[in-house]
Each structure stands twice: as C-alpha cells, then as structure tokens.
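>
In my numbering, the protein residues as written are -19 to 138.
(1) Do residue 73 and residue 54 count as a contact pair if the criterion is CB distance below 8 angstroms?
(2) Determine the direct distance from the alpha carbon of residue 63 to that of residue 116, and round the result to whole angstroms.
(3) Let me check one thing: in DSSP terms, what residues is residue 19 bridge-paired to?
(4) Quick one: give me the first and last residue of the beta strand (DSSP E) that residue 10 is part of.
(5) Could you tell me which residues DSSP puts in a beta bridge with residue 32?
(6) When you compare only the Cα positions, how much space is there between residue 83 and residue -1?
(7) Would you tell me roughly how many angstroms separate the C-alpha atoms of residue 127 and residue 42, rounded to the nearest one?
(8) Would you call the CB atoms of residue 4 and residue 94 closer than 8 angstroms?
(9) Looking only at its chain, what residues have a beta carbon closer than 6 angstroms to the beta carbon of residue 102, apart from the 5 residues adjacent to it on each side?
(10) Distance check for residue -16 and residue 1, CA to CA, integer angstroms please.
(11) Could you have a look at residue 125 and say whether DSSP puts it in helix, strand or coil?
(12) Between which two residues does the beta strand (DSSP E) carrying residue 54 extend?
(13) Thinking residue 57 and residue -9 are a contact (beta carbons under 8 angstroms), I'd like their distance in whole angstroms, please.
(14) Closer than 6 angstroms by C-beta to residue 21: which residues in its own chain qualify, once you throw out the five before and the five after it? Chain order, please.
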C-alpha cells in the first residue's frame, strides 16, 4: 500500500501537507517496468501522470526514422507525463526505462479533478510543476546552445 511518506519522496509533493496527499492517495497505483520497457510513446494519448519511485527513465524524441535523441533523464523522485495534466493532449516524447523501474501512476483526469476541487492544492502543485518545467527548459536551452556552438560553421561567424 502506498503511503503519505512514499509520495512525500516525490519532489512535487515534498511541501504539500499530509491532508492534501491523503486526498491523492486513493488514485495512485504502483507499476513496475523492466529495463528497456517503454512506458509511453511519442504521440500516445496523454492520460496518465507518472512519478518515479525507483530507477531511471529516459525521455527520447525521434528526429528521423533512424535517429532518436535522449532529451531528458528522469531520476528517482521526479515526475513526468505532464501533458496528461496540463493540456490533455499527446505525449511529446517516448519514456523508456534504462533499468528496472517502479513508477507511481495516476490518471491525469483524476488529478486534474482534484486540483479543480481544491484550489489551494492546485496552486501549490502547479507552482512546483512550473519550477520543474522551468528547470527542464533551462537545461534543454543550455544543451541546445552547447550543441550549436560545437559546429564549426557557428565558430566561423565569430
């Protein structure tokens, strides 16, 4: 059985009070995945939100039929599958386990309904989510800048 203490180890729940976490608990399940197992694919319907209890998940994007790039690494305590609660669209990456993983899952619609009913919880969670997304955007921007400055054509412009 998943406990408040278990969810408190997930970054986005670290500062949420116990009463709020207890409201989320009935909707959370634990799934287990083997190494190289795909959790979701790019362009799958985004209907589940994920939180990594154990292991490492790689977020990959295809840039051609033959080339896939890892655009992010999800570590223990991180959440992913944001599309399920932000825009109810499609996953923008593929999530693949780089080793054995234990993942908490929650239906995106269920968590969205909870946040709609409890605006304080919604505000606190969305604040945490925005901080995570900002860090990831900054990281990807740094990666992009390093990648383009590594090309000799760019260096020739200086």
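Just so you know, even glycine gets a beta-carbon here, dropped at the ideal spot from N, CA and C.
Quick answer:
(1) If you number the chain shown from 1, residue 54 lands on position 74. If you number the chain shown from 1, residue 73 lands on position 93. Contact: no.
(2) As a first step, residue 116 must be located in the chain shown, where it is residue number 136. As a first step, residue 63 must be located in the chain shown, where it is residue number 83. Between residue 116 and residue 63, the C-alpha separation is close to 14 angstroms.
(3) Translated into the one-based positions of the chain shown, residue 19 becomes position 39. Partner(s): none; residue 19 has no beta bridge.
(4) Translated into the one-based positions of the chain shown, residue 10 becomes position 30. Its beta strand (DSSP E) spans residues 8 to 13.
(5) For the purposes of this step, residue 32 is taken as the residue at position 52 of the chain shown. In the DSSP output, where bridge partners are listed per residue, residue 32 has 83.
(6) Residue numbering aside, residue 83 sits at position 103 when the chain shown is read from its first letter. Residue numbering aside, residue -1 sits at position 19 when the chain shown is read from its first letter. Going by the C-alpha atoms only, they are around 22 angstroms apart.
(7) For the purposes of this step, residue 127 is taken as the residue at position 147 of the chain shown. For the purposes of this step, residue 42 is taken as the residue at position 62 of the chain shown. Taking the straight line joining both Cα atoms gives about 17 angstroms.
(8) Stepping through the chain shown from its first residue, residue 4 is reached at position 24. Stepping through the chain shown from its first residue, residue 94 is reached at position 114. Yes, these two residues count as a Cβ contact at 8 angstroms.
(9) For the purposes of this step, residue 102 is taken as the residue at position 122 of the chain shown. These residues qualify, in order along the chain: 95.
(10) Position 21 of the chain shown, counting from 1, holds the residue named residue 1. Position 4 of the chain shown, counting from 1, holds the residue named residue -16. Taking the straight line joining both Cα atoms gives about 6 angstroms.
(11) Taking the chain shown and counting its residues from 1, the one referred to as residue 125 is at position 145. Residue 125: helix per DSSP, three-state reduction.
(12) As a first step, residue 54 must be located in the chain shown, where it is residue number 74. Per DSSP, residue 54 belongs to the beta strand (DSSP E) from 48 to 54.
(13) Walking along the chain shown from the start, residue 57 turns up at place 77. Walking along the chain shown from the start, residue -9 turns up at place 11. 5 angstroms between Cβ atoms; contact.
(14) The residue given as residue 21 occupies position 41 in the chain shown. Once the five neighbours on either side are set aside, the close Cβ partners of residue 21 are 74.
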